[in-house]
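Asker:
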Amino acid sequence: MNVLRVILAVPEAVVVLAMPPLLMSVIAKTKARFAGRVGPPWLQPYYDLAKLVRKAPVHSRTTTWIFRAGPIVSLAALLTVALLVPVLTRGTPLGFAGDVILIAYLLALGRMFTVLAAMDTGSSFEGMGAAREVTFGAMSEPALFLSFVVLAVAGRSLELGRMVGAPPLGAWGPVGPAMVLVVGALLIVLITETCRVPVDDPATHLELTMIHEVMVLDHSGPDLAAITYGAALKFVLLGSILLHAALPHGGLPAWLDPPLRIAELAGLAVLVGVLESSLARLRLNRVPLLLAGATVLAGLATVLTLMRSTA
Amino acid sequence: MNVQAAVDIVLVLVILLDLAMLAVSRLSTLVRLFAIQSLLLALLPMAEGLLSGTMPGMHAVEITGGTIGIKVVLIPWILLRIIRTGEIHAEVTPFLGFAASLFVGAVLVAASFAVSARLPLPMTPLSAMLVPASFSTLMIGLFVLISRLKAITQVLGFLLVENGIFLFGLMLLKSMPALVEIGILLDVFVGVFLMAIVVYHIRRTFDHMDMDALSELEGR
Numbered sequence: 010m011n012v013l014r015v016i017l018a019v020p021e022a023v024v025v026l027a028m029p030p031l032l033m034s035v036i037a038k039t040k041a042r043f044a045g046r047v048g049p050p051w052l053q054p055y056y057d058l059a060k061l062v063r064k065a066p067v068h069s070r071t072t073t074w075i076f077r078a079g080p081i082v083s084l085a086a087l088l089t090v091a092l093l094v095p096v097l098t099r100g101t102p103l104g105f106a107g108d109v110i111l112i113a114y115l116l117a118l119g120r121m122f123t124v125l126a127a128m129d130t131g132s133s134f135e136g137m138g139a140a141r142e143v144t145f146g147a148m149s150e151p152a153l154f155l156s157f158v159v160l161a162v163a164g165r166s167l168e169l170g171r172m173v174g175a176p177p178l179g180a181w182g183p184v185g186p187a188m189v190l191v192v193g194a195l196l197i198v199l200i201t202e203t204c205r206v207p208v209d210d211p212a213t214h215l216e217l218t219m220i221h222e223v224m225v226l227d228h229s230g231p232d233l234a235a236i237t238y239g240a241a242l243k244f245v246l247l248g249s250i251l252l253h254a255a256l257p258h259g260g261l262p263a264w265l266d267p268p269l270r271i272a273e274l275a276g277l278a279v280l281v282g283v284l285e286s287s288l289a290r291l292r293l294n295r296v297p298l299l300l301a302g303a304t305v306l307a308g309l310a311t312v313l314t315l316m317r318s319t320a
Numbered sequence: 032m033n034v035q036a037a038v039d040i041v042l043v044l045v046i047l048l049d050l051a052m053l054a055v056s057r058l059s060t061l062v063r064l065f066a067i068q069s070l071l072l073a074l075l076p077m078a079e080g081l082l083s084g085t086m087p088g089m090h091a092v093e094i095t096g097g098t099i100g101i102k103v104v105l106i107p108w109i110l111l112r113i114i115r116t117g118e119i120h121a122e123v124t125p126f127l128g129f130a131a132s133l134f135v136g137a138v139l140v141a142a143s144f145a146v147s148a149r150l151p152l153p154m155t156p157l158s159a160m161l162v163p164a165s166f167s168t169l170m171i172g173l174f175v176l177i178s179r180l181k182a183i184t185q186v187l188g189f190l191l192v193e194n195g196i197f198l199f200g201l202m203l204l205k206s207m208p209a210l211v212e213i214g215i216l217l218d219v220f221v222g223v224f225l226m227a228i229v230v231y232h233i234r235r236t237f238d239h240m241d242m243d244a245l246s247e248l249e250g251r
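Residue numbers (the working numbering), protein chains in the order written: chain A, 10 to 320; chain B, 32 to 251.
1) List the residues of chain B that P186(A) touches, going by C-beta distances under 7 Å, in chain order.
2) Helix, strand or coil for R179(B)? Go by DSSP, reduced to three states.
3) Please classify M172(A) as buried or exposed, where buried requires at least 16 neighbouring CB atoms within 10 angstroms.
4) Does DSSP put P125(B) in a helix, a strand or coil?
5) Specify, as a first and last residue, the run of the alpha helix (DSSP H) that W51(A) falls within.
6) Starting from the N-terminal side, write out each stretch of the alpha helix (DSSP H) that is 4 residues or longer and does not extend beyond the region 91 to 177 of chain B.
7) Around the C-beta of L50(B), are 16 or more other C-beta atoms found within 10 angstroms, so that it is buried, or is it exposed?
8) A240(A) to L74(B), Cα distance in whole Å?
9) Say whether chain A places a C-beta atom closer than 9 Å to the C-beta of V140(B).
10) Using a C-beta to C-beta distance shorter than 8 Å, which residues of chain B count as neighbours of V312(A)?
11) Answer yes or no: does any C-beta atom of chain A fall closer than 9 Å to that of L47(B)?
12) Between the Cα of K102(B) and the Cα atoms of M226(B), L216(B), Y231(B), A131(B), which residue gives the shortest distance?
13) Using a Cβ cut-off of 7 Å, which residues of the region 290 to 310 of chain A contact any Cβ in chain B, in chain order?
14) Does the pairing of the region 100 to 119 of chain A with the region 277 to 287 of chain A give three or more beta-carbon distances under 8 Å?
15) What is the DSSP secondary structure of R70(A), counted as helix, strand or coil?
16) Measuring only the C-alpha atoms, how far is S34(A) from Y55(A)?
17) Quick one: is the Cβ of L167(A) within less than 8 Å of any heavy atom of the ligand MN?
18) Ends of the alpha helix (DSSP H) at T237(A)?
19) I want to verify the contact list: residues of chain B whose CB lies under 9 Å from the CB of M316(A), in sequence order.
20) Counting only beta-carbon separations shorter than 9 Å, does L288(A) have a partner in chain B?
21) Any idea what DSSP makes of D218(B), helix, strand or coil?
22) Given that F129(B) touches chain A, what residues does it touch there, using C-beta distances under 7 Å?
23) Measuring alpha carbon to alpha carbon, tell me which of A86(A), F43(A), R42(A) ends up nearest K243(A).
24) At least one CB of chain B closer than 9 Å to the CB of L190(A): is that the case?
25) Looking at the structure shown, is F88(B) part of a helix, part of a strand, or coil, going by DSSP?
26) Return the first residue and the last residue of the alpha helix (DSSP H) that E222(A) is part of.
27) In terms of residues, what are the limits of the alpha helix (DSSP H) holding T98(A)?
28) If the cut is a Cβ gap below 9 Å, which residues of chain A does A78(B) touch?
29) Can you tell me whether K60(A) is buried or exposed, with buried defined as 16 or more other CB within 10 angstroms of its CB?
30) Helix, strand or coil: which one does DSSP assign to D210(A)?
31) Which bits of chain A does L50(B) rub up against, with CB to CB less than 7 Å?
32) Can you pull the chain A neighbours of L190(B), defined as C-beta to C-beta under 9 Å?
33) Since G138(A) and M219(A) are thought to touch, with beta carbons under 8 Å apart, how far apart are those beta carbons, to the nearest angstrom?
34) Quick check on G172(B) - is its C-beta less than 9 Å from some C-beta in chain A?
35) Can at least three beta-carbon pairs, one atom from the region 61 to 78 of chain A and one from the region 301 to 310 of chain A, be found at a separation below 8 Å?
Here is the structure:
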């Protein structure tokens, strides 16, 4: 990590941090278009965030400091992950060998604090949502890790910034079939972690069917803003890992990277919007099957990669 | 994209379809997945010719045509017809849950890869993926045979096993006469035909096709 890289990271960081709500807007607009509506204005998520930040938070008297720490720790964990994931350029400001494990566990830490904050309220609905979130989180983790294994073997590095996005465009080398499986597995992980249809429905208003939304019912004001923004940021980060793995920019000049990546993220948001509009939400007891499927995909990819790298 | 990569991707898809057949709950979807898998397998003899740089021979065309005709069109048609007309309850009832059988399937696939890496073969196969894919299909077929209750899923398990053997036989493509190949295909067809009739009669006589209920003989 040199000084120049850190200075260059500042404008990148500004764009990366400003972008997430806009991508949520892209998803909302895509869904609205499918439903034949106009949809909310492009900047609506920003207005919402600004409104929430201005309000005073309301804390229930039964809650402890954990409830207050929940949103802050989750957002801080995600912001740290943002330093380790390549988003707009190749390489990361803080990458080091083995950072994939830190990334996975920072995501888990954020989730743990959201869950703890939900349980801290003592509400039975929130406890139920917490149980679901933990179950699905635990089931999507093996898929994420096995995907990282494949990427690490293929990229011959343990640093996420070097693992993905390095090989030339369109040439995945000897691990072609495995990469297709990994991209599939990462897409399922992305949808699970960001709580989109078919796993969870961010727009649902029935506590019994919610997963993520039910956990944050008691948060208000700036806390809710942190959670909403964190969810959007998570989409950008996991989406970037997926895009860097699926579409490496190896052969292209480096200055093309940021505009292309922004376009690809927008494309991914449109894809998620299309998926949300065309798929029904899975029955809750079918979700583990989807996640098991993702794990099996990633596991098969691991077997293929290991077979190739030893042969 | 060269032919080798295409063959690899086809073989990965074959394994994925095996696993998908463990996770799917609708009988008609199962049959369609089988048809897709057979179609992919049918394309492989043609790739053999393309790999060596020549046009696929008459032999390969015969096998591809026969496979498509019987395993992609005829057998799925018969099975779908039974499912529709036999008033069969259109859902699979496994002994083992879907997620659990998916994991068993994944273990079987991994084991196939491990075993086939140690297998001494008399000739180099079409692709390094061929033997693992064949073993996976075989093992998952056997697993479907023992873990599903319905007579019709057992037919499908049997067909999966046959697909695995077909994949393995691709290595011997050059030395196997077309007559033998066509004979095997016809055997499978007749087998499915007979099983279809049997299933239909089980259904007519007992009002269900739960094989588990057929395990006791009535002694008189």
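All residues carry an ideal CB built from backbone N, CA and C; glycine is no exception.
Please read all numbers here as calculations on a predicted model, not as lab measurements.
Answerer: So, to answer that:
1) Residues of chain B whose Cβ lies closer than 7 Å to the Cβ of P186(A) are, in chain order, D39, I40, V43.
2) strand
3) buried
4) strand
5) Per DSSP, W51(A) belongs to no alpha helix (DSSP H) and is neither H nor E.
6) 106 to 116, 129 to 148
7) buried
8) 45 Å
9) yes
10) Neighbours of V312(A) on chain B, chain order: V140, A141, F144.
11) yes
12) Nearest option by C-alpha distance: L216(B).
13) Listed by position along the chain: P297, L298, A301, G302, V305, G308, L309.
14) no
15) Taken through DSSP and simplified to helix, strand or coil, R70(A) comes out as coil.
16) 9 Å
17) Among the components modelled here there is no ligand, and therefore nothing to report on the ligand MN.
18) 230 to 255
19) F144, A148, A159, M160, P163
20) The beta-carbon of L288(A) is placed no less than 9 Å from the nearest beta-carbon of chain B.
21) helix
22) L298
23) A86(A)
24) yes
25) In the sequence as displayed, the identity of residue 88(B) is Gly instead of Phe. Three-state result, G88(B): coil.
26) 221 to 224
27) Per DSSP, T98(A) belongs to no alpha helix (DSSP H) and is neither H nor E.
28) Result: empty, since nearest Cβ-Cβ is about 15 Å, beyond 9 Å.
29) exposed
30) coil
31) V305
32) Neighbours of L190(B) on chain A: none; closest Cβ ~22 Å, over 9 Å.
33) 6 Å between Cβ atoms; contact.
34) Taking 9 Å as the threshold, the shortest C-beta distance from G172(B) to chain A does not fall below it.
35) no
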